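Using this note's numbering, read the sequence shown as starting at 3 and increasing by one per residue. Encoded as structure tokens, the structure appears first; notes follow it.
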Amino acid sequence: MELILYSPGTTTFNNMGLGVIQTTRAEATTGLNDIMELEFDAPITGRHYAEIQKDCIVTAPHDDTKIRQPYKIYKSSAPIDGIVTFWARHISYDLNTVTIRPNAATSCAQAMGNMETYAINPRGFTFWTDVTTAGEFAVTVPTPCRKLLGGSKGSILDIYGGEYEFDHYDVKLHARLGRDTDVNIVYGKNLVSIKNDIDNGSTYNAIVPFWYNEQDGLVTIDGYIVKRDNMPATEPIKALPVDMSSDFQTKPTKAQLQTEAARRLASGKPWQPTQNVKVDFVSLWQTAEYADVAPLQRLTLGDTALISVPALGIVKERQKVVKTRYNVLLERYNNMELGQLKAAFGQDVTAQTEEKIDTLPTKSFLQAAIEHATQLITGGLGGYVRFTLNAD
């Protein structure tokens, strides 16, 4: 599908704008609660090249729905062999320049509604959610909207959870984006590679809670530290200071502070490393051989599939599609990444106390599995496997 170019400041995209750009490559990358960008190459002698400039908007699909989304150009490269690369971000990134006035909410629906009600310069954005979670949300100083959606501790995503969908100027926070499918990704069939990311740098097993304001001073607990339940005496203490000043409107007692700290530790497992099993696979529904069953084999962002590598003891382990790379010109996915959804939108480390981390195989098991998979794929003498798709 071709890219359509629009002038800077355009807000409606139901016409052909300035026209169709001549491009040699275009890829849209979308991550769950994360990146939504477009990268494309245009020849300097191509159609409408002279009209492409910073802040121009191009529309292109980013998935199998073929629905065009607007992307604003923010960077370009120097010409190389007559080709210029352009980078563009989804129009929802303009929420960085929408400022929200101070307000408070006690539910996700109210918090999302306040983004529109209290916007100083709403710029046409609308907000919707089906998340029913209750909780205290507060904006104490004028703050960029995108940061409030999921940019830090105390953001809507941090407090209420959910998965975002950005559709033109509509911001939708779903309790769940996607569905559980019966798509099987199997070694020897459509699995290309398996990779494991283990992040042990931000783990901790204790909290040093504190509360502070200028009028009432500092509140800490006796002994300062709250450790996780059933923590072995021989386990080294890895403590993280946690500011709970925003959790209590008035000065808390030591007991209240300790209770809240224990709740935070119990709500997640921050002492366990963040682990993410990623796989690259051939999207069989895009091949001619699977045309008849394509609807049953199709995956999109937020869907889950079953991964199986029997030789490694991994049998139908369910993983979520967390990132896609879509070839706009060929109207097919170049790559999909499956794994565990991590904190995004720049959440800080203290927000991880609220995360619910699913149980995954142990590090030693996964590492052994990956090493064995590498041997199976490359063979004893080394080498690599490369999959190439035809025009179908």
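Idealized CB from N, CA, C, for every residue including glycine. Just so you know, these numbers come straight off a predicted model, no measurement behind them.
#### Entry: Residue range of the unbroken beta strand (DSSP E) whose run includes Glu165
Counting from 1 along the sequence shown, the entry for residue 165 is found at position 163. First-last of the beta strand (DSSP E) with Glu165: Glu165 to Asp169.
### Query
Leaving out five residues before and five after Lys325 in sequence, what residues of the same chain have Cβ atoms less than 6 Å from its Cβ?
Residue 325 sits at position 323 when you count from the first residue of the sequence shown. Excluding residues within five positions, the ones whose Cβ falls inside 6 Å are Gly33 and Glu339.
### Minimum C-alpha distance to Ala395 - residue among Ala106, Cys147 and Tyr120
Any question about residue 395 goes unanswered here, given that the chain covers just 3 to 394.
### Message
Please list the terminal residues of the continuous beta strand (DSSP E) segment that includes Lys325.
### Response
Along the sequence shown, one-based indexing puts residue 325 at 323. First-last of the beta strand (DSSP E) with Lys325: Ile316 to Asn329.
### Query
Beta-carbon separation of Gly180 and Asp65 under 9 Å?
Mapped onto the sequence shown, residue 180 falls at position 178. Mapped onto the sequence shown, residue 65 falls at position 63. Cβ atoms of Gly180 and Asp65: not closer than 9 Å.
#### Entry: C-beta neighbour in chain C for Arg300, strict 9 Å
Here there is only one protein chain, and chain C is not present.
### Query
If you compare alpha carbons, which of Ala90, Thr108, Leu151 and Ile309 is closest to Met117?
Start at 1 with the first residue of the sequence shown, and residue 117 comes out as number 115. Ranked by how close their Cα comes to the Cα of Met117, the residues Ala90, Thr108, Leu151 and Ile309 have Leu151 in first place.
### Message
Am I right that Ala241 and Ile223 are in contact with their C-beta atoms under 8 Å? What's the rounded C-beta distance?
### Response
As a position in the sequence shown, residue 241 is number 239, starting the count at 1. As a position in the sequence shown, residue 223 is number 221, starting the count at 1. Contact flag wrong, Cβ pair sits at about 12 Å.
#### Entry: Residue environment, Asp209, which counts as buried when at least 16 other CB atoms sit within 10 Å
Position 207 of the sequence shown, counted from the start, is the residue given in the question as residue 209. Asp is not the amino acid found at residue 209; the sequence shown has Ile there. The residue is buried, with at least 16 neighbouring Cβ atoms inside 10 Å.
### Task
Report yes if the CB atom of Met38 is closer than 9 Å to the CB atom of Ser94, and no otherwise.
Residue mapping note: residue 38 aligns to position 36 of the sequence shown, counting from 1. Residue mapping note: residue 94 aligns to position 92 of the sequence shown, counting from 1. Yes, these two residues count as a Cβ contact at 9 Å.
### Task
Using 10 angstroms around the beta-carbon of Glu216, count the other beta-carbons present and answer buried if the total reaches 16, otherwise exposed.
The residue given as residue 216 occupies position 214 in the sequence shown. Per the 10 Å Cβ criterion, exposed.
### Close beta carbons around Leu259, own chain, < 7 Å, minus the five adjacent residues each side
Within the sequence shown, the letter at position 257 stands for residue 259. Correct list, in chain order: Pro211, Trp213, Val221, Ile223 and Met246.
### Task
Quick one: grab the DSSP three-state call for Pro234.
Here residue 234 refers to the residue found at position 232 of the sequence shown. Pro234 falls in the coil class under three-state DSSP.
#### Entry: Whole-angstrom distance between Gly163 and Lys318, CA atom to CA atom
Within the sequence shown, numbered from 1, the residue matching residue 318 stands at position 316. Within the sequence shown, numbered from 1, the residue matching residue 163 stands at position 161. So the two alpha carbons sit approximately 26 Å from each other.
### Query
With a CB to CB cut of under 6 Å and the five nearest residues on each side skipped, what residues in its chain are close to Pro443?
In this structure the chain extends from 3 to 394, so residue 443 is not present and cannot be described.
### Query
Count the other CB atoms within 10 Å of the CB of Ile102; is the residue buried (16 or more) or exposed (fewer)?
Here residue 102 refers to the residue found at position 100 when the sequence shown is read from its first residue. That one is buried.
### Task
Please state whether DSSP places Ser310 in a helix, a strand or coil.
In the sequence shown, residue 310 corresponds to position 308, counting from 1. Ser310: strand per DSSP, three-state reduction.
### Between the CA atoms of Tyr8 and Asn15 - distance to the nearest angstrom
Walking along the sequence shown from the start, residue 15 turns up at place 13. Walking along the sequence shown from the start, residue 8 turns up at place 6. Checking the sequence, you will find Phe at residue 15 rather than Asn. If you take the alpha carbons of Phe15 and Tyr8, they lie about 8 Å apart.
### Task
Would you list, in sequence order, the uninterrupted beta strand (DSSP E) runs of no fewer than 3 residues that lie entirely inside the region 76 to 161?
Counting only unbroken stretches of 3 or more residues, the beta strand (DSSP E) elements lying wholly within the region 76 to 161 are 85 to 92, 105 to 109, 128 to 131 and 136 to 141, in sequence order.
### Query
Along the chain, where does the beta strand (DSSP E) that runs through Ile227 open and close?
Working through the sequence shown from its first residue, we reach residue 227 at position 225. First-last for Ile227: undefined, no H or E at that position.
### Query
How would you call Pro104, buried or exposed, if buried means at least 16 neighbouring beta carbons within 10 angstroms?
By one-based count along the sequence shown, residue 104 stands at place 102. Exposed: under 16 other Cβ atoms inside 10 Å.
### Query
Roughly how many angstroms separate the alpha carbons of Tyr134 and Met114, rounded to a whole number?
Position 132 of the sequence shown, counted from the first residue, corresponds to residue 134. Position 112 of the sequence shown, counted from the first residue, corresponds to residue 114. Residue identity differs from the one stated: residue 134 is Thr in this sequence, not Tyr. Distance between the alpha carbons of Thr134 and Met114 is about 11 Å.
### Query
Between Lys256 and the rest of its own chain, which residues show a CB-CB distance below 6 Å, the 5 nearest in sequence each way excluded?
Taking the first residue of the sequence shown as position 1, residue 256 is located at position 254. Closer than 6 Å at Cβ, skipping near neighbours: Ile223.
### Task
Can you say whether Tyr76 is buried or exposed, counting buried as having 16 or more other CB atoms within 10 angstroms of its CB?
If you number the sequence shown from 1, residue 76 lands on position 74. That one is exposed.
### Query
Under the DSSP definition of a beta bridge, which residues are partnered with Tyr335?
Against the sequence shown, residue 335 aligns to sequence position 333. BP columns for Tyr335 point to Tyr328.
### Task
Go to Ala62, then tell me how far its beta strand (DSSP E) extends in each direction, as first and last residue.
Within the sequence shown, residue 62 is the residue found at index 60, counting from 1. Counting along the chain, the beta strand (DSSP E) containing Ala62 begins and ends at Ile59 to Pro63.
### Message
If I follow the unbroken beta strand (DSSP E) through Pro45, where does it start and stop?
### Response
For the purposes of this step, residue 45 is taken as the residue at position 43 of the sequence shown. Element bounds for Pro45: Met38 to Pro45.
### Query
Across which residues does DSSP place Gln71 in a beta bridge pair?
Position 69 of the sequence shown, counted from the first residue, corresponds to residue 71. Note: Gln71 sits in a beta bridge opposite Ala62.
### Message
Which same chain residues end up closer than 8 Å to Val141 when comparing Cβ atoms and leaving out the 5 residues on each side of it in sequence?
### Response
The count along the sequence shown starts at 1 and reaches residue 141 at position 139. The residues are Ile102, Arg103, Pro104, Asn105, Ala106, Asn116, Tyr120 and Leu150.
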